[in-house]
Amino acid sequence: MKRIIVVLMTLLPCFAFAAGSSVPLDKANYDLSDQASLQTGAKLFMNYCSGCHSTQYQRYERVARDLGIPNELMQENLMFIKDTKIGALMENSMSEELGAKWFGATPPDLTLVARVRGADWLYTYLRGFYEDPSRPFGVNNTVFKDVGMPHVLQELQGVPRKAFETQLIDGEQKEVYVGIRADGSGEMSSDEYDKAVLDLVNFMVYSGEPMQLERRSMGWWVMGFLVIFTILAVLLKKEYFRDLH
Numbered sequence: 001m002k003r004i005i006v007v008l009m010t011l012l013p014c015f016a017f018a019a020g021s022s023v024p025l026d027k028a029n030y031d032l033s034d035q036a037s038l039q040t041g042a043k044l045f046m047n048y049c050s051g052c053h054s055t056q057y058q059r060y061e062r063v064a065r066d067l068g069i070p071n072e073l074m075q076e077n078l079m080f081i082k083d084t085k086i087g088a089l090m091e092n093s094m095s096e097e098l099g100a101k102w103f104g105a106t107p108p109d110l111t112l113v114a115r116v117r118g119a120d121w122l123y124t125y126l127r128g129f130y131e132d133p134s135r136p137f138g139v140n141n142t143v144f145k146d147v148g149m150p151h152v153l154q155e156l157q158g159v160p161r162k163a164f165e166t167q168l169i170d171g172e173q174k175e176v177y178v179g180i181r182a183d184g185s186g187e188m189s190s191d192e193y194d195k196a197v198l199d200l201v202n203f204m205v206y207s208g209e210p211m212q213l214e215r216r217s218m219g220w221w222v223m224g225f226l227v228i229f230t231i232l233a234v235l236l237k238k239e240y241f242r243d244l245h
């Protein structure tokens, strides 16, 4: 009984972290076979996320190989910690103490975030920031209320604000929330930004399970083997018992 209680207490934080959002989530139509998307996602992660978040259960060399990036380009453009080897784990240079001091809590490792939260949650979250002067970093999030993270992709999106429209409801004119709209000051258009976020999510899904495509392919081969083996086994059984009937 004590063992069961210990296991439940250990898993409780995981259940809380994986709790669903009350906000409707947008569908993230990611594609792990799209290598160009994964490369763009890796570039975005390393340039905008890796300063605070690590993916310490991955290695640079494995990511470079899986995504078709030459080691030299990986070292030159996507590895920012001095004297880091290509075979090293993808950690960041910020200490836990400084992270807790600057953000109120240490920024978590994101290797498995897509497996815990889900791709749709990540996609909606990254597109859910909006301007909120009352918050320490000047932004809030529709999916994660009172989030303690700055909108690191704001230079790409522009300043996002909640948009409202006046609509006639039950005979009365009412202000209705219709989504988040950027002010146009970003480097990307709305469609380009959505595509960039999807590429980033694609990379995070890959990070959570680098062997996913290989596992699926292997699964089909295993199923095919089992089908052929079953047919042979049935034919062999009939041959053995043919004279008994």
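Using the UniProt record's numbering, the first residue of the sequence shown is number 1, and each one after it goes up by one.
Heads up, the beta-carbon is just placed ideally off N, CA and C, and yes, glycines get one too.
In this structure T166 is exposed. Its beta-carbon is surrounded by fewer than 16 other beta-carbon atoms within 10 angstroms.
Between V152 and the set K145, Q173, Y130, the nearest pair of CA atoms involves Y130. DSSP, reduced to helix, strand and coil, places T55 within a strand of the structure shown. Taking C-beta atoms as the reference points, A114 and G208 count as a pair closer than 7 Å. Apart from sequence neighbours up to five positions away, the residues of its chain that approach A163 with a beta-carbon distance below 7 Å are V178, G179, I180, R181, ordered along the chain. The C-alpha of A105 is placed about 34 Å away from the C-alpha of A36. Segment contact: the region 50 to 68 against the region 224 to 237, fewer than three CB-CB distances shorter than 8 Å; contact not assigned. For the region 104 to 169, the continuous beta strand (DSSP E) assignments of 3+ residues that do not extend past its boundaries occur at 129 to 131, 139 to 141, 160 to 169, in sequence order.
Residue pairing of E72 in beta bridges, as defined by DSSP: absent, with no partner found. In this structure, DSSP gives M90 an extended state, which the three-state scheme calls strand. Secondary structure remark: continuous beta strand (DSSP E) runs of at least 3 residues inside the region 175 to 224: none found. Cβ contact annotation for Y193 (same chain, cutoff 7 Å, sequence separation greater than five): L156, Q157, G186, in chain order. Taking every protein chain shown into account, the CB of D199 has 16 or more other CB atoms within 10 angstroms, so this residue is buried.
Contact annotation: D26 and T124 have beta-carbon atoms nearer than 7 Å. The Cβ-Cβ distance between A196 and D120 does not fall below 7 Å. Within its own chain, the residues whose Cβ lies closer than 7 Å to the Cβ of Q75, once the five positions on either side in sequence are excluded, are I86, listed in chain order. Pairing I81 with S95 gives a Cβ-Cβ distance that is not under 7 Å.
Separation of N47 and N77 (C-alpha to C-alpha, rounded to the nearest whole angstrom) is 9 Å. Here the C-alpha atom of K145 lies approximately 22 Å from the C-alpha atom of D183. Closest by C-alpha distance to R65, out of D83, L44, L38, is L38.
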